[in-house]
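Residue numbers (the working numbering): 1 to 215.
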(Lines of atoms letter the chains of each structure in order from A and count residues from 1; the text may use other names and numbers.)
(Lines give C-alpha, C1' and ligand atoms only; values in the text may rest on other atoms or scores of the structure.)
Protein backbone atom coordinates (compact mmCIF):
# COMPACT_ATOMS: atom_id res chain seq x y z
CA UNK A 1 0.00 0.00 0.00
CA UNK A 2 2.78 2.43 0.93
CA UNK A 3 4.66 1.58 -2.26
CA UNK A 4 1.56 2.29 -4.34
CA UNK A 5 0.98 5.61 -2.57
CA UNK A 6 4.62 6.58 -3.02
CA UNK A 7 4.47 5.74 -6.72
CA UNK A 8 1.26 7.74 -7.10
CA UNK A 9 2.85 10.70 -5.34
CA UNK A 10 5.91 10.58 -7.59
CA UNK A 11 3.78 10.37 -10.73
CA UNK A 12 1.61 13.25 -9.54
CA UNK A 13 4.68 15.37 -8.85
CA UNK A 14 6.05 14.61 -12.30
CA UNK A 15 2.79 15.52 -14.03
CA UNK A 16 2.45 18.69 -11.97
CA UNK A 17 6.02 19.75 -12.78
CA UNK A 18 5.52 19.08 -16.47
CA UNK A 19 2.21 20.92 -16.42
CA UNK A 20 3.91 23.95 -14.83
CA UNK A 21 6.64 24.04 -17.49
CA UNK A 22 4.10 23.62 -20.28
CA UNK A 23 1.97 26.36 -18.75
CA UNK A 24 4.84 28.85 -18.62
CA UNK A 25 5.80 28.12 -22.23
CA UNK A 26 2.17 28.44 -23.32
CA UNK A 27 1.98 31.81 -21.60
CA UNK A 28 5.20 32.87 -23.34
CA UNK A 29 3.64 31.84 -26.66
CA UNK A 30 0.60 34.04 -26.14
CA UNK A 31 2.58 37.07 -25.04
CA UNK A 32 4.98 36.71 -27.97
CA UNK A 33 2.10 36.21 -30.42
CA UNK A 34 0.55 39.45 -29.20
CA UNK A 35 3.83 41.15 -30.12
CA UNK A 36 3.93 39.41 -33.55
CA UNK A 37 7.20 37.67 -32.56
CA UNK A 38 8.40 34.59 -34.46
CA UNK A 39 9.59 33.15 -31.15
CA UNK A 40 6.00 32.46 -30.19
CA UNK A 41 6.04 29.32 -32.37
CA UNK A 42 9.09 27.55 -30.80
CA UNK A 43 7.58 28.23 -27.37
CA UNK A 44 4.28 26.78 -28.56
CA UNK A 45 5.96 23.69 -30.00
CA UNK A 46 7.72 22.68 -26.78
CA UNK A 47 4.64 23.50 -24.68
CA UNK A 48 2.32 21.39 -26.82
CA UNK A 49 4.65 18.39 -26.83
CA UNK A 50 4.68 18.43 -23.03
CA UNK A 51 0.92 18.94 -22.87
CA UNK A 52 0.40 15.97 -25.20
CA UNK A 53 1.78 13.68 -22.50
CA UNK A 54 -0.07 15.44 -19.67
CA UNK A 55 -3.45 15.31 -21.42
CA UNK A 56 -3.02 11.64 -22.30
CA UNK A 57 -2.29 10.81 -18.67
CA UNK A 58 -5.50 12.60 -17.63
CA UNK A 59 -7.60 10.75 -20.24
CA UNK A 60 -8.46 13.89 -22.17
CA UNK A 61 -7.99 12.19 -25.52
CA UNK A 62 -9.48 14.91 -27.72
CA UNK A 63 -7.14 17.35 -26.02
CA UNK A 64 -4.24 14.97 -26.68
CA UNK A 65 -5.02 15.00 -30.39
CA UNK A 66 -5.39 18.76 -30.23
CA UNK A 67 -1.93 19.16 -28.72
CA UNK A 68 -0.40 17.11 -31.54
CA UNK A 69 -2.20 19.36 -34.00
CA UNK A 70 -0.88 22.42 -32.15
CA UNK A 71 2.67 21.05 -32.48
CA UNK A 72 2.25 20.69 -36.25
CA UNK A 73 0.72 24.17 -36.49
CA UNK A 74 3.61 25.63 -34.49
CA UNK A 75 6.02 24.36 -37.15
CA UNK A 76 3.74 25.60 -39.93
CA UNK A 77 3.27 28.99 -38.28
CA UNK A 78 7.02 29.48 -37.88
CA UNK A 79 7.68 28.61 -41.52
CA UNK A 80 4.77 30.72 -42.75
CA UNK A 81 5.79 33.84 -40.82
CA UNK A 82 9.45 33.41 -41.87
CA UNK A 83 8.43 33.17 -45.52
CA UNK A 84 6.48 36.40 -45.17
CA UNK A 85 9.47 38.22 -43.73
CA UNK A 86 11.63 36.99 -46.61
CA UNK A 87 9.02 38.11 -49.15
CA UNK A 88 8.88 41.57 -47.61
CA UNK A 89 12.70 41.58 -47.29
CA UNK A 90 12.41 42.91 -43.76
CA UNK A 91 13.84 40.91 -40.80
CA UNK A 92 11.15 42.20 -38.45
CA UNK A 93 8.27 42.52 -40.88
CA UNK A 94 4.82 42.18 -39.34
CA UNK A 95 2.25 40.27 -41.34
CA UNK A 96 -0.87 42.39 -41.96
CA UNK A 97 -3.91 41.63 -39.81
CA UNK A 98 -7.05 40.73 -41.80
CA UNK A 99 -10.70 40.23 -40.91
CA UNK A 100 -13.30 37.80 -42.25
CA UNK A 101 -16.86 38.53 -43.28
CA UNK A 102 -19.78 37.37 -41.14
CA UNK A 103 -20.58 34.74 -43.76
CA UNK A 104 -17.07 33.27 -43.52
CA UNK A 105 -17.27 33.14 -39.74
CA UNK A 106 -20.67 31.42 -39.77
CA UNK A 107 -19.39 28.86 -42.25
CA UNK A 108 -16.38 28.03 -40.10
CA UNK A 109 -18.48 27.87 -36.94
CA UNK A 110 -20.84 25.40 -38.63
CA UNK A 111 -17.94 23.21 -39.74
CA UNK A 112 -16.29 23.29 -36.31
CA UNK A 113 -19.54 22.51 -34.43
CA UNK A 114 -20.44 19.66 -36.78
CA UNK A 115 -16.94 18.19 -36.55
CA UNK A 116 -17.17 18.47 -32.76
CA UNK A 117 -20.36 16.42 -32.73
CA UNK A 118 -18.72 13.68 -34.81
CA UNK A 119 -15.61 13.63 -32.63
CA UNK A 120 -17.68 13.77 -29.44
CA UNK A 121 -19.80 10.80 -30.55
CA UNK A 122 -16.69 8.73 -31.25
CA UNK A 123 -15.01 9.67 -27.97
CA UNK A 124 -18.19 9.05 -25.94
CA UNK A 125 -18.92 5.64 -27.46
CA UNK A 126 -15.53 4.15 -28.31
CA UNK A 127 -13.13 5.51 -25.68
CA UNK A 128 -13.06 6.18 -21.96
CA UNK A 129 -12.50 9.90 -22.50
CA UNK A 130 -13.75 12.28 -19.82
CA UNK A 131 -15.95 15.21 -20.88
CA UNK A 132 -16.11 13.60 -24.32
CA UNK A 133 -18.65 15.97 -25.88
CA UNK A 134 -17.40 19.20 -24.36
CA UNK A 135 -13.76 18.29 -24.92
CA UNK A 136 -14.53 17.50 -28.56
CA UNK A 137 -16.13 20.89 -29.17
CA UNK A 138 -13.25 22.83 -27.62
CA UNK A 139 -10.88 20.70 -29.68
CA UNK A 140 -12.52 21.36 -33.05
CA UNK A 141 -12.99 25.05 -32.36
CA UNK A 142 -9.38 25.32 -31.19
CA UNK A 143 -8.23 23.70 -34.43
CA UNK A 144 -10.18 26.26 -36.42
CA UNK A 145 -9.02 29.19 -34.33
CA UNK A 146 -5.35 28.21 -34.53
CA UNK A 147 -5.63 28.51 -38.30
CA UNK A 148 -7.00 32.00 -37.80
CA UNK A 149 -3.97 32.88 -35.65
CA UNK A 150 -1.55 31.69 -38.35
CA UNK A 151 -3.45 33.67 -40.98
CA UNK A 152 -3.72 36.61 -38.55
CA UNK A 153 -7.50 36.97 -38.67
CA UNK A 154 -8.44 39.63 -36.13
CA UNK A 155 -11.43 37.81 -34.60
CA UNK A 156 -9.33 34.80 -33.57
CA UNK A 157 -9.01 36.43 -30.15
CA UNK A 158 -12.78 36.50 -29.64
CA UNK A 159 -12.99 32.79 -30.38
CA UNK A 160 -10.27 32.17 -27.79
CA UNK A 161 -12.21 34.08 -25.14
CA UNK A 162 -15.08 31.59 -25.43
CA UNK A 163 -12.87 28.51 -25.84
CA UNK A 164 -10.66 29.42 -22.88
CA UNK A 165 -13.68 30.05 -20.63
CA UNK A 166 -15.02 26.55 -21.36
CA UNK A 167 -11.59 24.97 -20.87
CA UNK A 168 -11.33 26.54 -17.41
CA UNK A 169 -14.23 24.35 -16.26
CA UNK A 170 -12.84 21.16 -17.81
CA UNK A 171 -9.30 21.58 -16.50
CA UNK A 172 -10.48 22.50 -13.01
CA UNK A 173 -12.64 19.39 -12.85
CA UNK A 174 -9.62 17.28 -13.89
CA UNK A 175 -7.40 18.79 -11.21
CA UNK A 176 -5.12 20.57 -13.68
CA UNK A 177 -4.87 23.62 -11.47
CA UNK A 178 -1.85 25.26 -13.09
CA UNK A 179 -3.54 24.94 -16.48
CA UNK A 180 -6.81 26.24 -15.02
CA UNK A 181 -4.97 29.32 -13.77
CA UNK A 182 -3.29 29.68 -17.15
CA UNK A 183 -6.63 29.68 -18.96
CA UNK A 184 -8.11 32.21 -16.57
CA UNK A 185 -5.20 34.45 -17.52
CA UNK A 186 -5.59 33.44 -21.18
CA UNK A 187 -9.18 34.68 -21.16
CA UNK A 188 -8.13 38.17 -20.07
CA UNK A 189 -5.08 38.22 -22.35
CA UNK A 190 -7.26 37.21 -25.31
CA UNK A 191 -9.27 40.38 -24.76
CA UNK A 192 -6.06 42.40 -24.61
CA UNK A 193 -4.75 40.61 -27.71
CA UNK A 194 -7.92 41.49 -29.59
CA UNK A 195 -7.63 45.16 -28.68
CA UNK A 196 -3.94 45.23 -29.68
CA UNK A 197 -4.54 43.54 -33.04
CA UNK A 198 -7.62 45.70 -33.69
CA UNK A 199 -5.50 48.80 -33.17
CA UNK A 200 -2.93 47.42 -35.62
CA UNK A 201 -5.72 46.55 -38.08
CA UNK A 202 -7.20 50.06 -37.92
CA UNK A 203 -3.77 51.57 -38.41
CA UNK A 204 -3.38 49.42 -41.53
CA UNK A 205 -6.75 50.61 -42.82
CA UNK A 206 -5.81 54.22 -42.16
CA UNK A 207 -2.45 53.82 -43.92
CA UNK A 208 -4.10 52.09 -46.89
CA UNK A 209 -6.62 54.91 -47.13
CA UNK A 210 -3.82 57.49 -47.22
CA UNK A 211 -2.03 55.57 -49.97
CA UNK A 212 -5.22 55.44 -52.04
CA UNK A 213 -5.73 59.20 -51.60
CA UNK A 214 -2.16 59.92 -52.72
CA UNK A 215 -2.63 57.65 -55.73
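By construction, the Cβ of each residue, glycine as well, lies at the ideal position given by its N, Cα and C atoms.
Straight-line Cα distance separating residue j from residue i
i	j	result
residue 73	residue 207	31 Å
residue 202	residue 149	18 Å
residue 122	residue 172	24 Å
residue 70	residue 147	10 Å
residue 120	residue 25	28 Å
residue 137	residue 145	12 Å
residue 30	residue 174	23 Å
residue 101	residue 188	25 Å
residue 43	residue 80	16 Å
residue 76	residue 143	13 Å
residue 193	residue 113	24 Å
residue 196	residue 78	21 Å
residue 111	residue 152	20 Å
residue 85	residue 124	44 Å
residue 41	residue 99	22 Å
Proximal residues to residue i (C-beta, below 7 Å), its chain only, five neighbours per side dropped
i	result
residue 212	With a pLDDT of 36 at residue 212, under the threshold of 50, the modelled position of that residue is not reliable, and the figure given next carries that caveat. Cβ within range, chain order: n/a, list empty.
residue 115	140
residue 55	63, 64, 67
residue 82	38
residue 47	22, 25, 26, 29
residue 163	138, 141, 142, 145
Other residues of its chain near residue i: CB distance less than 8 Å, five sequence neighbours each side excluded
i	result
residue 18	50, 53, 54
residue 168	180, 183, 184, 187
Rounded distance between the beta-carbons of residue j and residue i, thought under 8 Å
i	j	result
residue 198	residue 158	Not quite, the Cβ-Cβ distance comes to about 10 Å (not below 8 Å), so this is no contact.
Residue i and residue j closer than 8 Å at C-beta
i	j	result
residue 190	residue 161	yes
residue 205	residue 96	no
Cβ shell of residue i (< 6 Å), same chain only, five flanking positions each side left out
i	result
residue 178	19, 20, 23
residue 200	97
Touching by the beta-carbon criterion (3+ pairs, under 8 Å), the region 126-133 and the region 42-60 = yes
Between the region 106-116 and the region 32-43, are three or more C-beta pairs nearer than 8 Å?
-> no
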